[in-house]
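Novice: Below are the structure tokens for one structure; questions will follow.
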Ligand SMILES: [Zn+2]
Ligand SMILES: [Zn+2]
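In my numbering, the protein residues as written are 592 to 1164.
Take a look at the structure:
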């Protein structure tokens, strides 16, 4: 220790940061008395040390291990190893150093004179003695000092410049045992390794190396001395997070970009679910493990050497329905299927009576643009919000239409109405008369009008099934002669399609040859309408002579007399 006060300067004129707070800054808000960081310590160990001592002298000056805490335990300064230092509060109440053990004593040993230089520097002198700095911090901005009266006390603010400086040094300082504490910050010691727990302050501590520490997902990048107080130094391990990659196999869904992350990061943070037409996303899987929003990379990777893992999307197929309108055929049950199932797999074709052959399905609803049903549901709808498709049966009509009312090869008299029916009632057959398509009337009748020659009438349905009749149509019936039988007469069209004026004969006798008195006559009966004859060549009696007429007259008189006589007798009786 120097016998004199050799200088006068402030304890601290640096701004320091501690616990995220600025101290000793210009705004004078926060002050701290801290030996490790103070400007006085730097001045002593740089400017003063280099100026005041020769190279040889410096070789003799040891490094003294110093503790720098406040006596009341409010401030723990970092331990320092200094060539040049100033005494602590504990030093100046240490009787072993020749001081009075009471801080309050007006200890003559603690009274020191100032050099002329110190006076020039403005050291404050009272009672003939200056105050001089101790390195011991107090609370806040104050530092301990020895007053001009020789007692030691908490005194000046760190910025005071009128306090004297009394340098001290040790030539052979006693080696101090320093305890070492490690903060592995989540890491651990390598198996079988034991870290040193103390060292001599004048020796170099062999700190553990990267081989001695392990932390999954991190690379060791060295030690940081985070505190050195009360002969205990604390080293905190520094780690660099390893980079890992999660890649996503969306398994047919929309692509999901690779994700870079750290060992303990959640693999799905910020990852949007993929989508896949026809499927509901059911989460990610890694090997056989389901992956949740809380799953970390470290939960999945076997060890931290695994740099990349691939998650595979799980999908639940949505269910869709195909309905079948068989349009008169046997019913076909609804089919439930999935997006990638074939539309018609397992569908039994319907049958339909009445001359129909099933030839396939078409789309009834909704409106879709595909041209084949030999596809999957997804290919069919191409929009997974369409949950139902209705198909309709398509039938081939295998029977030809029927022309009703006309007989092939027949001759008709006058216009002929006819109808055409087809087993496929959903479509009207096309009717062609002599090469010209005709339409039916309101009642569904077609008419073959009279014309010369033959009619060729063709009815064709939509599957080209064809019916044909050939007929002749005359302008009217041809009733040229009476026809009759024994009792009736009538007129009949010579084409046999009509009978008119039918009635019973009205016979009258017709004389073929008049009778004479000498010869018989001949007569027959004849219908006055149709002139049909019967009883032909019937004989007519000869005419009577004059004598025969008189005889007949006398006989009739005689008969009358006899009748009169008989009546008379009856009256008398
Ligand atoms: Zn006729
Ligand atoms: Zn007649």
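Cβ coordinates follow ideal geometry from the N, Cα and C atoms, glycine included.
These numbers were taken from a predicted model, which means no experiment stands behind them.
Is residue 857 near residue 885, with beta carbons less than 9 Å apart?
Specialist: Their beta carbons are under 9 Å apart, which means residue 857 touches residue 885 by this criterion.
Novice: Between 1121, 1085, 898, which lies nearest to residue 1096 when the distance is taken from Cα to Cα?
Specialist: Of 1121, 1085, 898, the residue nearest in Cα terms is 1121.
Novice: Would residue 1060 and residue 999 be called neighbours here (beta carbons separated by less than 9 Å)?
Specialist: For residue 1060 and residue 999, yes; Cβs fall inside 9 Å.
Novice: Taking residue 1002 and residue 1086 to be in contact with their CB atoms under 8 Å, please state how far apart those CB atoms are, rounded to whole angstroms.
Specialist: That pair is a contact at about 5 Å.
Novice: For residue 714 and residue 611, I'd like the C-alpha separation in whole angstroms.
Specialist: In a straight line, the C-alpha of residue 714 is about 34 Å away from that of residue 611.
Novice: With a floor of 3 residues, list each beta strand (DSSP E) that falls wholly inside the stretch 919-956, ordered by position along the chain.
Specialist: Counting whole runs of 3 or more residues, the stretch 919-956 contains the beta strand (DSSP E) stretches 926-928, 947-956.
Novice: With 16 as the cutoff for other CB atoms within 10 Å, does residue 1155 come out buried or exposed?
Specialist: Its Cβ having fewer than 16 others within 10 Å, residue 1155 is exposed.
Novice: Grab me the residues of residue 1099's own chain with a C-beta within less than 6 Å of its C-beta, minus the 5 sequence neighbours each way, in chain order.
Specialist: Excluding sequence neighbours, residue 1099 sits near 1119.
Novice: Please classify residue 1152 as buried or exposed, where buried requires at least 16 neighbouring CB atoms within 10 angstroms.
Specialist: So residue 1152 counts as exposed.
Novice: Using only CA atoms, which one of 1062, 1057, 1033, 1030 lies nearest to residue 1041?
Specialist: For residue 1041, the nearest C-alpha among the options comes from 1062.
Novice: In the DSSP assignment, find the unbroken beta strand (DSSP E) run with residue 994 in it and report its ends.
Specialist: Where residue 994 is concerned, the enclosing beta strand (DSSP E) stretches over 993-995.
Novice: Apart from the five residues just before and just after residue 870, which ones in its own chain have a Cβ nearer than 7 Å to its Cβ?
Specialist: So the qualifying residues of the chain are 906, 907, 908, 909, 930.
Novice: Residues in its own chain within less than 7 Å of residue 737 by CB, not counting five upstream and five downstream?
Specialist: 683, 701, 722, 723, 725, 743, listed in sequence order.
Novice: How big is the Cα-Cα spacing for residue 831 and residue 775?
Specialist: Approximately 13 Å between the Cα atoms of the pair.
Novice: To which residues of the same chain is residue 996 closer than 8 Å at the C-beta, ignoring the five residues directly before and after it?
Specialist: Same-chain partners within the cutoff: 1007, 1008, 1009, 1010.
Novice: Confirm, please, whether the CB-CB distance from residue 779 to residue 1167 is below 9 Å.
Specialist: The requested residue 1167 is not part of the displayed model; the chain covers only 592 to 1164.
Novice: If you measure between the beta carbons of residue 668 and residue 728, is that distance less than 9 Å?
Specialist: Yes; because the gap between Cβ atoms is below 9 Å, this pair is in contact.
Novice: Using the three-state DSSP reduction, which class does residue 593 fall into: helix, strand or coil?
Specialist: Coil.
Novice: By the DSSP assignment, the beta strand (DSSP E) with residue 642 in it spans what residues?
Specialist: No beta strand (DSSP E) contains residue 642, which is instead part of the alpha helix (DSSP H) from 640-643.
Novice: Output the distance between the C-alpha atoms of residue 595 and residue 716, rounded to the nearest integer angstrom.
Specialist: C-alpha separation (whole angstroms): 13 Å.
Novice: Using beta carbons (cut-off 9 Å, strictly below), is residue 906 in contact with chain B?
Specialist: Of the chains in the structure shown, none is chain B; there is only one protein chain.
Novice: Provide the residue span of the alpha helix (DSSP H) that contains residue 1149, from first to last.
Specialist: Here the alpha helix (DSSP H) through residue 1149 covers 1137-1163.
Novice: With 16 as the cutoff for other CB atoms within 10 Å, does residue 1039 come out buried or exposed?
Specialist: The residue is buried, with at least 16 neighbouring Cβ atoms inside 10 Å.
Novice: Express the C-alpha separation of residue 598 and residue 647 in angstroms, rounding to a whole number.
Specialist: Computed Cα separation, rounded: 24 Å.
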